[in-house]
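Participant: Pasting in a structure now, in structure tokens, and then I'll have a few things to ask.
2 protein chains.
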Amino acid sequence: MPNRGDRGGSRTRAHIADVATGLFLERGFDNVTIVEVAAAAGVSKVTVFAHFDRKEDLLLDRLPDVVEIARAAVRERADEVGPVEAIRRTLLALAAERHGLSALAEGIEPFLRMIRDAPTLIARLRAFENEVEVALAAELASDRRFSGDGALLAALVVAAYRIVAVETVRRRLAGDDLGGLAADHRERLNRAFEVLERGTA
Amino acid sequence: MPNRGDRGGSRTRAHIADVATGLFLERGFDNVTIVEVAAAAGVSKVTVFAHFDRKEDLLLDRLPDVVEIARAAVRERADEVGPVEAIRRTLLALAAERHGLSALAEGIEPFLRMIRDAPTLIARLRAFENEVEVALAAELASDRRFSGDGALLAALVVAAYRIVAVETVRRRLAGDDLGGLAADHRERLNRAFEVLERGTA
DNA sequence: ATGTTACCTTAACCCGGTAAGCTTACCGAG
DNA sequence: CTCGGTAAGCTTACCGGGTTAAGGTAACAT
Numbered sequence: 001m002p003n004r005g006d007r008g009g010s011r012t013r014a015h016i017a018d019v020a021t022g023l024f025l026e027r028g029f030d031n032v033t034i035v036e037v038a039a040a041a042g043v044s045k046v047t048v049f050a051h052f053d054r055k056e057d058l059l060l061d062r063l064p065d066v067v068e069i070a071r072a073a074v075r076e077r078a079d080e081v082g083p084v085e086a087i088r089r090t091l092l093a094l095a096a097e098r099h100g101l102s103a104l105a106e107g108i109e110p111f112l113r114m115i116r117d118a119p120t121l122i123a124r125l126r127a128f129e130n131e132v133e134v135a136l137a138a139e140l141a142s143d144r145r146f147s148g149d150g151a152l153l154a155a156l157v158v159a160a161y162r163i164v165a166v167e168t169v170r171r172r173l174a175g176d177d178l179g180g181l182a183a184d185h186r187e188r189l190n191r192a193f194e195v196l197e198r199g200t201a
Numbered sequence: 202m203p204n205r206g207d208r209g210g211s212r213t214r215a216h217i218a219d220v221a222t223g224l225f226l227e228r229g230f231d232n233v234t235i236v237e238v239a240a241a242a243g244v245s246k247v248t249v250f251a252h253f254d255r256k257e258d259l260l261l262d263r264l265p266d267v268v269e270i271a272r273a274a275v276r277e278r279a280d281e282v283g284p285v286e287a288i289r290r291t292l293l294a295l296a297a298e299r300h301g302l303s304a305l306a307e308g309i310e311p312f313l314r315m316i317r318d319a320p321t322l323i324a325r326l327r328a329f330e331n332e333v334e335v336a337l338a339a340e341l342a343s344d345r346r347f348s349g350d351g352a353l354l355a356a357l358v359v360a361a362y363r364i365v366a367v368e369t370v371r372r373r374l375a376g377d378d379l380g381g382l383a384a385d386h387r388e389r390l391n392r393a394f395e396v397l398e399r400g401t402a
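Each protein sequence line maps, in turn, to chains C and Y. Using this note's numbering, the letters of the first sequence correspond one by one to residues 1 to 201. Using this note's numbering, the letters of the second sequence correspond one by one to residues 202 to 402.
In structure tokens, the structure reads:
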């Protein structure tokens, strides 16, 4: 059954991603093959890879947004606010609005669980963490208001936030109440960033 | 040409690793296949994987030592020395003796270059970094002399040292003089750990 | 001699990912 | 209206890392 009139690149892409996400949630990321995804979406394996570079991107293709958010936080901060504080505020804002990228959105437990149980995805997130770090370091390097070791600061900020986020995810999956967890998340975030502020003052 | 009297598991293992390392240095890690390694070592592909879990372990199989060094630094420190200071001293000592694990040993430029140019190896190092972090966090969690967020501290320490080490490797491969670089390495290491000390005081 | 164990082999397979080349649909220009 | 280009698919075939199953042989003990 080849093409019928329903052509359309971005439609196909979204459809593949939807189907894939469903399968991954059902059976676990590492237990679903690309061929299965392709079959379920009614396309060929090659078409899947035409739309997504790696299997992990079927789920995590919005990750690059995070890089932009991080850069923007530093770039567009007020003059009297340091980069650490700017990022802290951005992260607090994301948490406050229960942004999909924070671990505090509603109904995402299955998603989080699936990621936690898939070594491949964890590895990808680790690599991505590095991308954020590099982007942040670049931003700081080109920032006239900042002098100091941008690479070091970027690495510390990213590491600190990862610790906060990972713990939040852990509690989330342990069944913690969402409201209490949000407050706790903010508190741990503030504590971690306090360390960085003190250290780099 | 099957077995001649030269049996011996660990001998074979070492031989495979040697041959592999030579090929990797010659042609780059990602340009050498396991089958080629096996052929050059006179064994079968399956045998290679019987001795090493992953291709990267052919080069990096001594990495677990680092974990032990890190744990020991924290565990066996004097009572009046905090964990950050203990790790700083250990890292300074490694640098001073030009330990193979520091980037300051002599004649390891080809090695460093090969790693830098192999995305696969970089990814493995990133994963390994995480192992160190987890081990360190566990050590801190079971340390009665330490109270605080062990996971956070572990992540910050590991991140800080990575920044220092990566920069040292970069300068090394840029041809910097080894003596001057060693001094510079110490200085950057001290500065980075100063940030952590101040932050966690 | 016989059995056990450790080591190795071949052969076949799985999965993620890439390459090459053909077909189908759509679109704009003559 | 047709011609041609481009974009999106397809199929087929391949590669490399990694796994599994089944079997052979040296060395060593009984």
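For every residue, glycine included, the Cβ atom is placed at its ideal position computed from N, Cα and C.
Give a yes or no on whether the C-beta atoms belonging to R198 of chain C and G400 of chain Y are separated by under 9 Å.
Facilitator: Closer than 9 Å, so yes.
Participant: If the cut is a Cβ gap below 8 Å, which residues of chain C does A271 of chain Y touch?
Facilitator: Here the premise fails: no neighbours, minimum Cβ distance about 16 Å.
Participant: Would H15 of chain C pass as a contact of L104 of chain C if the rule is Cβ separation under 9 Å?
Facilitator: Contact: no.
Participant: Look at the Cβ atom of V37 of chain C, then the Cβ atom of A20 of chain C, and state whether they are nearer than 9 Å.
Facilitator: Yes, the pair counts as a contact, with Cβ atoms nearer than the cut-off.
Participant: Would you mind stating whether V275 of chain Y and L341 of chain Y have Cβ atoms separated by less than 9 Å?
Facilitator: It is a contact, given that the beta carbons lie within the stated cut-off.
Participant: For the alpha helix (DSSP H) that contains F250 of chain Y, what are its first and last residues?
Facilitator: Run containing F250 of chain Y: K246 to H252, per the alpha helix (DSSP H) assignment.
Participant: For the alpha helix (DSSP H) that T369 of chain Y lies in, which residues bound it at each end?
Facilitator: Residues G351 to L374.
Participant: Please classify P119 of chain C: does DSSP put it in a helix, a strand, or coil?
Facilitator: Reduced to three states, the DSSP call for P119 of chain C is helix.
Participant: What did DSSP end up calling E398 of chain Y once you bin it into helix, strand or coil?
Facilitator: E398 of chain Y: helix per DSSP, three-state reduction.
Participant: Between V195 of chain C and chain Y, is any beta-carbon pair separated by less than 9 Å?
Facilitator: Chain Y contact via Cβ: present.
Participant: With distances taken Cα to Cα, identify the nearest neighbour of A127 of chain C among C:V67, C:P110 and C:A183.
Facilitator: The residue with the shortest Cα to Cα distance from A127 of chain C is C:V67.
Participant: Start and end of the alpha helix (DSSP H) containing I87 of chain C?
Facilitator: From DSSP, the alpha helix (DSSP H) with I87 of chain C extends over P83 to A96.
Participant: Please report how far the alpha carbon of L379 of chain Y lies from the alpha carbon of D231 of chain Y, in whole angstroms.
Facilitator: Approximately 28 Å, taken between the alpha carbons.
Participant: Ignore the nearest five residues each way along the sequence and tell me which others in T291 of chain Y's own chain have a CB closer than 6 Å to its CB.
Facilitator: Cβ within range, chain order: A274.
Participant: Would the region 118-134 of chain C count as touching the region 47-64 of chain C if we require 3 or more Cβ pairs under 8 Å?
Facilitator: Counting Cβ pairs under 8 Å, three or more are found: they touch.
Participant: Reducing DSSP to helix, strand and coil, say where D262 of chain Y ends up.
Facilitator: D262 of chain Y falls in the coil class under three-state DSSP.
Participant: Let's see if you can read the secondary structure: which residues bound the alpha helix (DSSP H) around I235 of chain Y?
Facilitator: Where I235 of chain Y is concerned, the enclosing alpha helix (DSSP H) stretches over I235 to A242.
Participant: Using three-state DSSP, classify S10 of chain C as helix, strand or coil.
Facilitator: S10 of chain C: helix per DSSP, three-state reduction.
Participant: Would you check if the region 367-383 of chain Y and the region 169-178 of chain C touch, i.e. whether three or more CB-CB distances between them fall below 8 Å?
Facilitator: No: fewer than three Cβ pairs fall under 8 Å.
Participant: Using a C-beta cutoff of 9 Å, does V169 of chain C count as contacting chain Y?
Facilitator: No, because no Cβ of chain Y sits closer than 9 Å to the Cβ of V169 of chain C.
Participant: Smallest Cα separation from E277 of chain Y: which of Y:E332, Y:D344 and Y:A360?
Facilitator: Among Y:E332, Y:D344 and Y:A360, the Cα nearest to that of E277 of chain Y belongs to Y:D344.
Participant: Starting from T401 of chain Y, find everything on chain C with Cβ-Cβ shorter than 7 Å and list it in chain order.
Facilitator: Under the 7 Å cutoff, chain C gives V195.
Participant: Taking the CB atoms as reference points, tell me whether A160 of chain C and F193 of chain C lie closer together than 9 Å.
Facilitator: For A160 of chain C and F193 of chain C, yes; Cβs fall inside 9 Å.
Participant: How many Å lie between R272 of chain Y and A287 of chain Y at the Cα?
Facilitator: Answer to the nearest angstrom: the Cα atoms are 10 Å apart.
Participant: Who are the Cβ neighbours of L58 of chain C in its own chain at under 8 Å, not counting the five residues just before and after it?
Facilitator: Hits under 8 Å: I16, A17, A20, T21, F24, V37, V48 and F52.
Participant: Any beta carbon of chain Y sitting closer than 9 Å to that of V74 of chain C?
Facilitator: Chain Y contact via Cβ: absent.
Participant: Which same chain residues, not among the five before or five after L390 of chain Y, have their C-beta less than 8 Å away from its C-beta?
Facilitator: Counting only Cβ-Cβ distances below 8 Å, and skipping sequence neighbours, we find R289, L292, L293, A296, Y362 and V365.
Participant: If you draw a straight line from the C-alpha of R191 of chain C to the C-alpha of A183 of chain C, how long is it?
Facilitator: If you take the alpha carbons of R191 of chain C and A183 of chain C, they lie about 12 Å apart.
Participant: In chain C, which residues lie less than 8 Å from R363 of chain Y when you measure between Cβ atoms?
Facilitator: The answer, in chain order, is A155.
Participant: Shorter than 9 Å from the beta carbon of R126 of chain C to some beta carbon of chain Y?
Facilitator: Chain Y contact via Cβ: present.
Participant: Once DSSP output is grouped into helix, strand and coil, what is the label at A309 of chain Y?
Facilitator: Residue 309 of chain Y is actually Ile in this sequence, not Ala. Three-state result, I309 of chain Y: coil.
Participant: Less than 9 Å separating the beta-carbons of V158 of chain C and V195 of chain C?
Facilitator: Taking 9 Å as the Cβ cut-off, V158 of chain C and V195 of chain C do not qualify as a contacting pair.
Participant: Which value, in whole angstroms, describes the spacing of the CA atoms of E307 of chain Y and A40 of chain C?
Facilitator: So the alpha carbons of these two residues sit roughly 55 Å apart.
Participant: For V285 of chain Y and A336 of chain Y, I'd like the C-alpha separation in whole angstroms.
Facilitator: Approximately 15 Å between the Cα atoms of the pair.
Participant: Check H99 of chain C in the structure and name its three-state DSSP category.
Facilitator: Coil at H99 of chain C, not helix or strand.
Participant: Which residue's Cα is closest to the Cα of R171 of chain C: C:R11, C:T12 and C:R113?
Facilitator: Per the Cα distances, C:R113.
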